[in-house]
Structure formats: C-alpha cells, structure tokens
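Under this note's numbering, think of the first position of the sequence shown as 77, with each following residue one higher.
Backbone N, C-alpha and C fix where the C-beta goes; we use that ideal spot for every residue, glycine too.
Model, not experiment: these values are computed from the prediction.
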Amino acid sequence: MIETADVLVVGLGPAGASAAAEAARRGRKVIAIDRKREAGRPVQCAEFVPAMIGLEVLEVASTARQRIESMATFVEGDAPDFKGDFPGHMLDRAAFDAALVARAAEAGADVRFSCAVRRVHKSGTVELADGRRFCGATLIGADGPRSSVGRAIGSVNEKLVETRQVTVRLRAPHASTDIFLGSGIPGGYGWLFPKGEVANLGAGVEPAHKSRLPRIVTELHARLAREGRVGEAILSLTGGLIPVGGMLRALGALGDTRVLLAGDAAGLANPVTGAGISAAVQSGRLAGEAAATDAHAEYQGDLEDLFGASLDRALRRRRELLASVPSKAALRRGWIAYPEYWQ
Ligand SMILES: Cc1cc2nc3c(=O)[nH]c(=O)nc-3n(C[C@H](O)[C@H](O)[C@H](O)COP(=O)(O)OP(=O)(O)OC[C@H]3O[C@@H](n4cnc5c(N)ncnc54)[C@H](O)[C@@H]3O)c2cc1C
77 MIETADVLVV GLGPAGASAA AEAARRGRKV IAIDRKREAG RPVQCAEFVP
127 AMIGLEVLEV ASTARQRIES MATFVEGDAP DFKGDFPGHM LDRAAFDAAL
177 VARAAEAGAD VRFSCAVRRV HKSGTVELAD GRRFCGATLI GADGPRSSVG
227 RAIGSVNEKL VETRQVTVRL RAPHASTDIF LGSGIPGGYG WLFPKGEVAN
277 LGAGVEPAHK SRLPRIVTEL HARLAREGRV GEAILSLTGG LIPVGGMLRA
327 LGALGDTRVL LAGDAAGLAN PVTGAGISAA VQSGRLAGEA AATDAHAEYQ
377 GDLEDLFGAS LDRALRRRRE LLASVPSKAA LRRGWIAYPE YWQ
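In structure tokens:
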C-alpha cells in the first residue's frame with residue numbers, strides 16, 4: 077500500500093518543517109517524514125543566526141539563548157580584528173527545529189519521525205527502510221547535504237566541507253562570535269560561538285584534510301583553555317557536512333511527481349561561512365508555497381533572486397582561497413568581516 081499526499085516532504089530540519097507548514101497552511105494534505113527519532117536531535121550545528129532572521133521567523137525569539145553583538149576575526153597569529161555591528165542570536169538548535177516542526181503540525185501537516193528513506197524510485201514513490209511507501213503530487217527534498225531526493229533527480233552536492241565541534245564551558249561571559257582563519261585550516265575556519273555558560277568550538281575543512289580535523293580542534297581548544305577563556309572538559313562532540321558548491325538545480329520531475337529541493341539539499345548554505353539555517357527556512361517556505369499554489373516553475377527563479385548574488389560571491393571567494401596557500405591578505409579578502417570581501 078502506498079500512502080499518498082498532495083505534498084510529501086522528506087526531512088524535518090528547518091527547510092522541511094518550513095515547507096510542510098507553508099503547504100499545510102495553504103490547505104494541502106501534507107505528509108512530512110524524517111529518519112530522526114525526534115526533531116532536531118542530535119544537533120549538528122554551531123547555532124548562530126543573524127538578527128535579521130528573527131524578524132521573519134517567530135521561533136527564533138523563543139529558542140534564542142544568547143544575543144551576539146560583534147564578530148572577532150583572528151588571522152593566523154595576529155591580534156583580532158573586531159567588527160562591532162554584527163548582531164545575531166545563539167539558538168538552542170534542537171528547540172528551534174522542534175518549534176518549527178510543532179508549527180507544521182499545528183498547520184495540519186502529518187509529521188512523522190523514525191521514517192528513514194531507503195530509496196526514491198523513478199516513479200517518485202519514496203520507500204522507507206521498513207518497506208513502507210509514500211507518494212506525493214509534489215515531493216519536496218529537504219533531506220540535507222546528501223539528499224536522496226536530490227540524487228534521484230540528478231542534483232547532488234559535489235563539494236562539501238567536513239566539520240568537528242565540541243561544546244566546552246566558557247570561563248567568562250562573551251558576546252561575539254570568534255573566527256579563526258589560517259592556512260592550517262584549509263577550505264574552512266575555526267570558531268568559538270558563546271551560548272551562555274558554554275560555547276561551541278569547532279572547525280571545518282576540505283574533505284581531503286578530514287584526518288587533520290581532530291588535531292585542529294584539539295589545538296584550538298588547548299589554546300583557548302591556556303588563555304583562560306574556556307574549560308578543558310569536553311561536554312559534547314558533534315560534526316557533519318556542509319555543502320559549499322553553491323546552488324543546485326532545485327526543480328525536477330520523477331514520473332508524474334514534481335520535485336523541489338530546499339535548504340542544504342538545494343546547496344543553499346553559504347560556501348564561505350557555512351551558514352544555512354536562514355536559507356533553509358526561507359527556501360522551505362518558498363517550496364511549500366510553490367507546491368501549494370502550483371507555481372513550481374517559478375521556484376528556481378525565486379531562489380536565484382534571493383540567494384544567487386551572495387552565493388556567487390561566496391563561491392568566487394572560496395575558489396580564490398583554495399587556488400594557493402593563502403596569505404594573510406588573501407584570508408582577509410576571503411572572509412565576510414572585511415570590506416575586501418565585498419568589493
Ligand atoms: C557543525 C556545523 C555547524 C553549523 N553551524 C551553523 C551555524 O552556526 N549557523 C547556520 O546558519 N548554519 C550552520 N550550519 C549549517 C546548518 O546546520 C544547515 O545549513 C541547516 O541545518 C540546513 O537545514 P536543512 O533543513 O536544509 O537540512 P538539515 O537540518 O540537515 O535537515 C535535514 C533533515 O533530513 C533528514 N534526513 C536526511 N536523510 C534522510 C533520509 N534518508 N530519510 C529521512 N530523513 C532524512 C535528517 O534527519 C534531517 O533532520 C552548520 C552545519 C554544521 C554541520
């Protein structure tokens with residue numbers, strides 16, 4: 077037996093939950109599935125969002141745990157460069173994802189966890205690991221960087237960054253996101269993002285350097301512990317993939333099923349910063365709206381209008397950084413805190 081819906085959403089992260097809410101709010105029958113046992117866990121995120129997103133996404137206010145005022149960028153061994161006007165929030169990401177899922181359920185979407193997709197058939201039918209089958213007039217792939225829906229329509233994130241992050245105690249209150257740039261962190265950067273009494277401390281690198289990640293994070297942790305800024309104990313460990321190849325073709329078809337991709341599945345994370353929460357929510361809403369209003373054809377153009385310019389710029393900067401071992405000047409030109417980045 078195949079369960080059917082107007083809109084079938086795979087993935088209940090920010091993109092999928094937002095898509096499900098939007099389509100259900102517009103009166104469509106929505107089934108949304110995720111392989112996780114519960115929304116948002118385990119957390120694979122450094123949990124920072126810019127303040128702007130809070131104006132459009134109500135769930136930010138209830139799940140923000142700390143205000144961020146500024147950004148400090150450490151380039152190699154130099155003293156930090158401060159950027160004062162950098163407002164944002166540190167979220168409780170598990171609570172944020174759960175709130176978005178609750179919103180989708182309130183709107184009428186049938187949300188289900190412990191549903192791992194094993195295969196997306198050429199007909200558009202989605203098959204779970206336990207054999208259950210689902211089908212939607214529209215299938216929305218919001219299943220992250222290694223999207224199986226995306227693979228089924230030939231849209232695959234080829235370029236990815238590997239990350240590793242630990243949570244540690246913060247020894248003193250801190251209100252800036254600290255960024256560590258260096259040629260020893262190829263294709264990525266290190267971060268210390270404060271969240272009340274703790275902080276997320278991590279790094280991302282090109283996949284070819286994945287084996288160096290544990291040492292990079294350990295050395296950054298040791299340095300910050302030596303400086304008296306964080307505790308030595310590791311409270312938790314996470315990591316994950318970030319797509320950094322830019323926007324994919326987010327529109328396709330499988331048999332009679334029309335397919336839309338959103339969030340990381342559509343390659344919308346920023347190739348320089350790795351930030352993708354905001355784009356996931358925005359694209360998810362657009363995908364849900366396109367599915368509900370039969371405006372599939374306009375969806376790709378809407379994504380281009382919203383994200384095209386910033387993704388193109390970030391891709392250019394990323395390519396420049398990877399072209400050779402970057403100097404300090406090149407590292408600064410490749411980071412959003414510096415005017416050179418925007419030139
Ligand atoms: C270490 C790390 C730190 C980050 N820090 C930040 C940050 O500070 N700020 C920021 O903006 N972004 C950050 N990002 C990026 C951000 O987390 C993503 O861009 C965002 O989660 C994308 O949302 P999404 O809904 O597209 O995908 P996801 O949040 O990945 O959700 C995809 C969902 O699909 C489900 N799924 C996948 N495959 C299947 C399957 N086969 N069957 C069923 N379900 C499936 C998953 O379980 C998951 O729930 C970070 C990423 C990492 C890895």
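Annotated as distal: Ser224 and Val187, with beta-carbon spacing of 7 Å or more.
The Cβ atoms of Ile353 and Arg209 lie no closer than 7 Å to each other. Just so you know, the alpha carbons of Ser138 and Ala284 end up roughly 39 Å apart. In terms of Cα proximity to Arg240, the closest of Arg222, Leu257 and Gly264 is Gly264. Here Lys235 is not bridged, per DSSP, to any residue. Trp267: not part of any alpha helix (DSSP H); member of the beta strand (DSSP E) spanning Gly266 to Lys271, first to last residue. The three-state secondary structure of Gln241, taken from DSSP, is strand. Beta-bridge pairing by DSSP links Ser252 to Ser146. Ala351 and Val151 have their C-alpha atoms spaced approximately 20 Å apart. A check of alpha carbon separations from Gly220 across Thr80, Ile144, Leu362 and Lys112 identifies Lys112 as the nearest. Non-local beta-carbon contacts of Leu296 in its own chain, meaning distances under 7 Å to residues more than five positions away in sequence, involve Phe256, Gly266, Leu277 and Ala279 in chain order. Val335 has its alpha-carbon roughly 22 Å from the corresponding atom of Ser190. Annotation: the continuous alpha helix (DSSP H) that includes Ile129 extends over Ile129 to Glu132. Asp381 sits in a helix when the DSSP states are folded into three classes. In this structure, the straight-line span from the alpha carbon of Leu236 to that of Ala341 is close to 12 Å.
Here Thr314 carries a strand assignment [DSSP, helix/strand/coil].
In the structure shown, the three-state DSSP call for Lys112 is coil. Residue environment: Gly217 is assigned as buried (16 or more neighbouring CB atoms within 10 Å of its CB, all protein chains considered). Annotation for Glu98: no beta strand (DSSP E) segment contains it, though the alpha helix (DSSP H) segment containing it runs Pro90 to Arg101. Between Gly200 and Leu215, the C-beta gap is smaller than 7 Å, which places the two residues in contact. Here the alpha carbons of Cys121 and Gly315 stand approximately 7 Å from one another. The alpha carbon of Thr80 has as its nearest neighbour, out of Ile109, Leu313, Ala275 and Leu382, the alpha carbon of Ile109. CA-to-CA, the gap between Gly410 and Asp332 works out to about 44 Å. Judged by their CB atoms, Val106 and Ala99 are nearer to each other than the 7 Å cut-off. Counting along the chain, the unbroken alpha helix (DSSP H) around Ala405 starts and ends at Lys404 to Arg409.
Note on geometry: alpha-carbon atoms of Ser146 and Lys271 lie some 14 Å from one another. Cys121 has its Cβ nearer than 6 Å to a heavy atom of ligand 1. When rounded, the separation of the alpha-carbon atoms in Ala140 and Met166 is 6 Å. Remark: the C-beta of Phe124 is in contact range of ligand 1, defined as less than 6 Å to any heavy atom. With contacts defined as CB atoms closer than 7 Å, Ala96 and Ala180 qualify as a contacting pair.
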